[in-house]
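J.: Could you have a look at this structure, given as structure tokens, before my questions?
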Amino acid sequence: MDLHLDRITLVYPDGASTLTAVDDVSLTVPAGTTTALVGPSGSGKSSLLAVAGGLTRPTSGTVTIGTGPDAPVLSPTTSVAEATRVRRDHVGIVFQQPQLLASLTAVEQIELLAHLRGRRPSSLRERALELLDAVGLADQAHRRPAALSGGQRQRVAIARALATRPDVLLVDEPTSALDHGRGLAVVELVTSLARECGAATVLVTHDESTLGPVDAVVRLVDGRLVADGAADAPLAAGAPVAG
Ligand code: ADP
Ligand code: MG
Numbered sequence: 271m272d273l274h275l276d277r278i279t280l281v282y283p284d285g286a287s288t289l290t291a292v293d294d295v296s297l298t299v300p301a302g303t304t305t306a307l308v309g310p311s312g313s314g315k316s317s318l319l320a321v322a323g324g325l326t327r328p329t330s331g332t333v334t335i336g337t338g339p340d341a342p343v344l345s346p347t348t349s350v351a352e353a354t355r356v357r358r359d360h361v362g363i364v365f366q367q368p369q370l371l372a373s374l375t376a377v378e379q380i381e382l383l384a385h386l387r388g389r390r391p392s393s394l395r396e397r398a399l400e401l402l403d404a405v406g407l408a409d410q411a412h413r414r415p416a417a418l419s420g421g422q423r424q425r426v427a428i429a430r431a432l433a434t435r436p437d438v439l440l441v442d443e444p445t446s447a448l449d450h451g452r453g454l455a456v457v458e459l460v461t462s463l464a465r466e467c468g469a470a471t472v473l474v475t476h477d478e479s480t481l482g483p484v485d486a487v488v489r490l491v492d493g494r495l496v497a498d499g500a501a502d503a504p505l506a507a508g509a510p511v512a513g
């Protein structure tokens with residue numbers, strides 16, 4: 271299912287005044303494709319991801335997953351319970367820090383999330399091992415986080431986010447702690463898994479040297495989407511990657 275962000279604005283209270291972290295952003299991410307979201311620190315990338323994933327309600331605008339009268343929608347009036355349901359049933363999130371539980375093995379991390387989200391226990395182990403294989407960690411399934419490298423932990427978090435077969439995959443700066451080669455490998459992995467799983471994927475990064483594999487790149491400056499290279503031209507949808 272496609273992810274549609276329609277005129278999203280997010281305003282945080284900031285002392286006596288307010289801070290507009292996301293300013294009238296519209297973006298469509300087709301199912302199975304990856305859009306990279308780039309921009310300087312503080313430009314609103316994580317805030318936009320939080321709105322797209324139902325972690326934060328937009329101040330105005332709507333997020334729609336798919337189309338038609340039954341499509342899940344997140345809006346300023348969506349209840350917390352409904353936002354939680356949409357997130358649980360439709361969204362996979364990979365945070366900047368992998369947030370793995372120290373006491374669980376790689377395969378258990380993936381099983382636990384799917385289990386908490388109501389998947390049948392009998393199918394969990396098989397699916398978890400499949401996913402670990404897909405991220406190149408079949409032989410690390412029974413290791414705990416302390417025995418994995420930073421890149422391997424990030425791969426476990428990616429596999430975990432896909433365990434519930436989400437329609438939307440949101441990945442926040444997965445490469446920030448990795449060197450160029452490993453960062454590029456993670457972007458390649460996310461892009462190919464998005465295609466295989468049919469997930470509409472948004473990948474935040476500030477490392478623009480790793481954007482080769484993605485389908486589109488959009489840039490945020492001060493909360494606004496701008497055309498690549500032109501800081502004042504608004505952009506309604508994902509722009510194709512140049513070259
Ligand atoms: P990025 O991910 O691009 O670095 P963020 O979305 O984290 O940017 O932040 C955008 C702006 O919103 C920044 O000015 C940041 O300080 C502010 N901000 C982020 N989260 C909050 C919050 N929970 N409350 C208030 N201000 C916030
Ligand atoms: Mg951020």
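Heads up: the sequence shown runs through residues 271 to 513, numbered per our numbering.
Glycine included, each C-beta is placed from N, C-alpha and C at the ideal position.
This structure is a prediction, so every number in the text was calculated from the model and none was measured.
Can you tell which of T303, L273, A376, T475 has the C-alpha that lies nearest to the C-alpha of L448?
T.: T475
J.: With 16 as the cutoff for other CB atoms within 10 Å, does D437 come out buried or exposed?
T.: Classification for D437: buried.
J.: Can you give me the start and stop residues for the alpha helix (DSSP H) that A454 sits inside?
T.: Checking the sequence shown, residue 454 turns out to be Leu, not Ala. Note, L454: alpha helix (DSSP H), 450 to 467.
J.: Less than 7 Å between the CB of E478 and some heavy atom of the ligand MG, yes or no?
T.: no
J.: Does the beta-carbon of T337 have 16 or more other beta-carbons within 10 angstroms, so that it is buried, or is it exposed?
T.: Answer is exposed; the Cβ neighbour count stays below 16.
J.: So what's R383 in DSSP terms, helix, strand or just coil?
T.: Note that residue 383 is Leu in the sequence shown, not Arg. Helix.
J.: For S311, is the classification buried or exposed, using 16 other Cβ atoms within 10 angstroms of its Cβ as the cut-off for buried?
T.: exposed
J.: Which value, in whole angstroms, describes the spacing of the CA atoms of R413 and L371?
T.: 12 Å
J.: Closer than 7 Å: is that where the CB of D293 sits relative to any heavy atom of the ligand ADP?
T.: Flag unset: Cβ of D293 not near the ligand ADP.
J.: Which residue's Cα is closest to the Cα of A306: E378, R494, V364, L481?
T.: L481
J.: Quick one: what's S287 bridged to in DSSP?
T.: D284
J.: Using three-state DSSP, classify R355 as helix, strand or coil.
T.: helix
J.: Would you list, in sequence order, the uninterrupted beta strand (DSSP E) runs of no fewer than 3 residues that lie entirely inside the region 357 to 430?
T.: The region 357 to 430 is shown to contain whole beta strand (DSSP E) runs of 3 or more residues at 361 to 364, in chain order.
J.: Indicate, with yes or no, if the ligand ADP has a heavy atom lying under 7 Å from the CB of S446.
T.: Because no heavy atom of the ligand ADP lies under 7 Å away, the Cβ of S446 does not count as near it: no.
J.: Just confirm the distance between the C-beta atoms of T332 and D276, as a whole number of angstroms; I'd bet it's less than 8 Å.
T.: 5 Å
J.: Which value, in whole angstroms, describes the spacing of the CA atoms of S373 and L418?
T.: A straight line joining the alpha-carbon of S373 with that of L418 spans about 13 Å.
J.: By Cβ distance, which residues of its chain are closer than 8 Å to D293, with the 5 residues on each side in sequence left out?
T.: T279, G314, D492, G493, R494
J.: Can you pull every residue whose C-beta falls closer than 6 Å to some heavy atom of the ligand ADP, listed in chain order?
T.: The answer, residue by residue, is Y282, L289, A291, G309, S311, G312, S313, G314, K315, S316, S317.
J.: CB V453 to CB D485, shorter than 8 Å?
T.: Looking at the sequence itself, residue 453 is Gly, so the reference to Val does not match. Cβ atoms of G453 and D485: not closer than 8 Å.
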